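Novice:
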Amino acid sequence: MASWVANTHAAVAMVLLLLMQFGLPARSKPVITDPKCVDYDPFERCCPPPSPKKIVNFKPPPQSSPLRVRRPAHALGPEEARKYARATALMRALPHDHPWNFFQQSNVHCAYCSGSYFQLGHNYPLEIHGTWHFFTWHRAYLYFYERILGKLINDTSFALPFWNWDDPSGMSIPPIYRHHSSSLFNPTRNPDGLKFISLGGCEGNNTLESLPKQRQCNLQVMHRQFISGFKSSLLFFGGKYRAGDEFSPGGGSIEGSPHGPVHLTVGSDMSDLDTAAKDPIFFAHHGNIDRLWAIWESTPGKKREIFTDNDFLDASFVFWDENKQVVRIRVRDLIDTRKLGYVYEEVPLRWMNIKTTVEKAGAFVAMDEKEAVRFPVVLSSQVTVNVARKVGKEGEILVVSDIALDGRDYVWFKVYVGKVRGGRVEAGCFIHMERRANKKIPVVTKLQIDITQFIEDIRADGDDQVVVTLVPKVGGDKVAIGGVSIV
Ligand code: C2O
């Protein structure tokens, strides 16, 4: 009897211990950040100052506090601009090991994308890019960053500006980031960005004659990426990522483009995820990304819903906050910007209702059996395949599967969908940003695009097949494609 009691006690204690350690019963599998940060590469230190023992659970700001209104960076008045630059200067001037120091703050991004944080209870590093946490994690990051800046200048209504690169008036580096003596300057940017920032494949010679066309091309990219991911949270946010999963189930439509190309065309620090946040323009770039999520939620149209899966909503991350505490914030706390105390100023969306350009019929013809591509194929030159159409419950989804690459490489290819012997449209793109590491990072991922609207645009509604062309832009010889299908 005594030993039975003792055993039962031991078993109960064990279960309690496990629950305490992992916080949740074994069945649910949200990704929980282990607050212990370990530098992945001793030469590249990204970990913020070590967390104290006590981690505080996030509490939303009181609803009575003033609403912060995030405004377009290029439209800031001199007073707002001065305030923002002063706050950033104060952040830079803090002692190096202060958790609010600009360097430490920018390192938080590096830590969350270089494998420095682990998933609590698992041997896997935590990587939020290329997953359904792309939007949510960056929202949390900006939330704390904004409040720390506000604290430094004693302004409870301070709001970060957003880089309105989806409007023709915002398609270059905003003026406040250009002054050499400003805390918002970064000397390593590509100077082309002063004239034009491409949202994906809209480069040109940046002259007065070509800029209007390049800007129009950017609006097309915006439209295409927004509508091709619009109907499903999986396509818009990115692939499911649960505790114990390996990284990169596949990024959402906006993460591919315009998110990637903006990083890459700003260049230098911004073009590598490890160093991106060392350029203050990062926070305006991600302000706009965050705004697109808010727009996605408020756009009328076919019913959409953000994931209701608890493995999504209960995922949590840790950050130093404006009270010098380390706070654990859950994804479910991040869904509504008003509850977080901020909104975006409404500005016109010039890309929302434009028409997709259909390239005239050309060489996009059906291949006969003999010429058929044998997958897997390395993308050293363009690949064209006929793909059988299939309309599912969620529409018609094109999948480029088993995209295999080394995570250190920069890879970019475009995806066209065409009518057999007819016109074609650019339906999307795949972008993987380079990353510094001393050993290979094997990545296998996929790209999914809702092509329902594009099929209509090319008038292929009545056809059994479409022609899909993958066109390498950068690093094609470094990527292998496992297959192309419509599911
Ligand atoms: Cu965390 Cu734009 O990258």
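Residue numbering for the sequence shown is -28 to -1, 1 to 459, as defined by mature numbering (1 follows the signal peptide of the UniProt record, and there is no 0).
A virtual CB, placed ideally from N, CA and C, is assigned to each residue, including glycine.
None of the values given here were measured: they were computed from a predicted structure.
With which residues is Ser288 paired in a DSSP beta bridge?
Specialist: Answer by DSSP bridge pairing, in chain order: Ile4, Arg302.
Novice: Could you give the uninterrupted runs of the beta strand (DSSP E) lying entirely in the region 62 to 142, keeping only those of 3 residues or more?
Specialist: The region 62 to 142 contains no whole beta strand (DSSP E) run of 3 or more residues.
Novice: Under 8 Å between the Cβ atoms of Ile403 and Gln192?
Specialist: No. Outside cutoff.
Novice: So is His235 in contact with chain D if we call contact Cβ pairs under 8 Å?
Specialist: Judged by its chain identifiers, the structure shown contains no chain D, having just a single protein chain.
Novice: May I have the straight-line CA-CA distance separating His81 from Phe130, to the nearest angstrom?
Specialist: Near 22 Å, if we compare the C-alpha coordinates of Phe130 and His81.
Novice: Any heavy atom of the ligand C2O inside 7 Å of the beta-carbon of residue 463?
Specialist: Given that the chain is displayed from residue -28 to residue 459, the structure contains no residue 463 and the question cannot be resolved.
Novice: Whose C-beta lies closer than 6 Å to the C-beta of Ala(-3) among residues of the same chain, with five residues either side of it excluded?
Specialist: Interpretation of Ala(-3) is limited by its pLDDT of 49, a score under 50 that renders its predicted location unreliable; no figure is taken from the coordinates.
Novice: Taking 7 Å as the cut-off, is the C-beta of His110 nearer than that to any heavy atom in the ligand C2O?
Specialist: Yes, the Cβ of His110 comes within 7 Å of a heavy atom of the ligand C2O.
Novice: Taking 8 Å as the cut-off, decide whether the C-beta atoms of Asp429 and Ser204 are in contact.
Specialist: No, the pair does not count as a contact, with Cβ atoms beyond the cut-off.
Novice: Please state if the CB of Gly165 and the CB of Ser144 are separated by a distance shorter than 8 Å.
Specialist: It is a contact, given that the beta carbons lie within the stated cut-off.
Novice: Would you say the beta carbon of Ala344 comes nearer than 7 Å to a heavy atom of the ligand C2O?
Specialist: Not so, every heavy atom of the ligand C2O lies at least 7 Å from the Cβ.
Novice: Any heavy atom of the ligand C2O within a distance shorter than 7 Å of the CB on Cys85?
Specialist: At least one heavy atom of the ligand C2O is nearer than 7 Å to the Cβ of Cys85, so yes.
Novice: Under 8 Å by Cβ, that's how I've got Gly176 and Gln186 pegged, so tell me the actual separation to the nearest angstrom.
Specialist: Between Gln186 and Gly176 the Cβ distance is about 5 Å, and since that is below 8 Å, they are a contact.
Novice: When the Cβ atoms of the region 193 to 203 are set against those of the region 387 to 405, are three or more pairs found closer than 8 Å?
Specialist: Contact between the region 193 to 203 and the region 387 to 405 is present, because at least three Cβ pairs lie under 8 Å.
Novice: With distances taken Cα to Cα, identify the nearest neighbour of Ser457 among Leu98, Glu406, Val387.
Specialist: Per the Cα distances, Val387.
Novice: For Asp138 and Lys25, I'd like the C-alpha separation in whole angstroms.
Specialist: Approximately 43 Å between the Cα atoms of the pair.
Novice: Can you tell me whether DSSP reads Phe426 as helix, strand or coil?
Specialist: Helix, per DSSP.
Novice: Assess contact between the region 343 to 362 and the region 433 to 451, defined as three or more Cβ pairs (one per stretch) separated by less than 8 Å. Is contact present?
Specialist: In short, these stretches touch, since the Cβ pair count reaches three.
Novice: Enumerate in chain order the residues of its own chain whose CB-to-CB distance from Ser37 is below 7 Å, with the five nearest sequence positions on each side excluded.
Specialist: Cβ within range, chain order: Thr128, Gly313.
Novice: Starting from Gly364, follow its DSSP beta bridges and name the residues at the other end.
Specialist: For Gly364, which the question treats as bridged, DSSP gives the partners Gly367.
Novice: Could you pull the start and end residues of the alpha helix (DSSP H) that His257 belongs to?
Specialist: Looking at the DSSP string, the run of the alpha helix (DSSP H) that includes His257 is 253 to 270.
Novice: Candidates Ile369, Thr271, Pro71, Ser153: which alpha carbon is nearest Leu321's?
Specialist: Closest by alpha carbon: Thr271.
Novice: Quick check on Gln(-8): does DSSP put it in helix, strand or coil?
Specialist: Reliability of the predicted coordinates at Gln(-8) is poor, the pLDDT of 48 falling under 50, and no value is obtained from them.
Novice: Using the Cβ count rule (16 or more neighbours within 10 Å means buried), how would you classify Lys1?
Specialist: Buried, since its Cβ has 16 or more Cβ neighbours within 10 Å.
Novice: Could you check the C-alpha separation between Gly224 and Phe30 for me, to the nearest Å?
Specialist: Approximately 27 Å between the Cα atoms of the pair.
Novice: Whole-angstrom Cβ separation of Trp135 and Ala45, contact assumed at under 8 Å?
Specialist: Contact flag correct, Cβ pair sits at about 5 Å.
Novice: Write down the C-beta distance between Ser288 and Ile4 rounded to the nearest angstrom, noting that I regard them as a contact closer than 8 Å.
Specialist: Sure, about 5 Å apart at Cβ, within 8 Å.
Novice: Using C-beta distances below 7 Å, list every residue in its chain close to Gln425, excluding the 5 sequence neighbours before and after it, in chain order.
Specialist: Closer than 7 Å at Cβ, skipping near neighbours: Ile199.
Novice: With distances taken from CA atoms, which of Ile100, Asp449, Trp323 is nearest Asp381?
Specialist: Of Ile100, Asp449, Trp323, the residue nearest in Cα terms is Asp449.
Novice: Considering His235, what are the terminal residues of the alpha helix (DSSP H) in which it resides?
Specialist: Taken as a continuous stretch (DSSP letters only), the alpha helix (DSSP H) holding His235 covers 232 to 238.
Novice: Give me the residue from Ile453, Lys275, Glu331, Ala360 with the minimum Cα distance to Phe385.
Specialist: Of the candidates Ile453, Lys275, Glu331, Ala360, the one whose C-alpha sits nearest the C-alpha of Phe385 is Ile453.
Novice: Quick check on this structure: which residue in Trp109, His70, Arg300 has the alpha carbon closest to the alpha carbon of Tyr84?
Specialist: Taking only the C-alpha atoms, the option nearest Tyr84 is Trp109.
Novice: Once the 5 residues before and after Gln437 are set aside, which same chain residues still bring their CB inside 8 Å of it?
Specialist: Contacts found: Ala338, Asn358, Val359, Ala360, Arg361, Val392.
Novice: Are the beta-carbon atoms of Ser88 and Asp11 separated by less than 8 Å?
Specialist: Cβ distance < 8 Å, so Ser88 and Asp11 count as in contact.
Novice: With DSSP as the reference, please indicate the residues paired to Leu442 in a beta bridge.
Specialist: Partner(s): Val355, Val387.
Novice: When every heavy atom of the ligand C2O is checked, does at least one fall within less than 7 Å of the C-beta of His404?
Specialist: No, the beta carbon of His404 sits no closer than 7 Å to any heavy atom of the ligand C2O.
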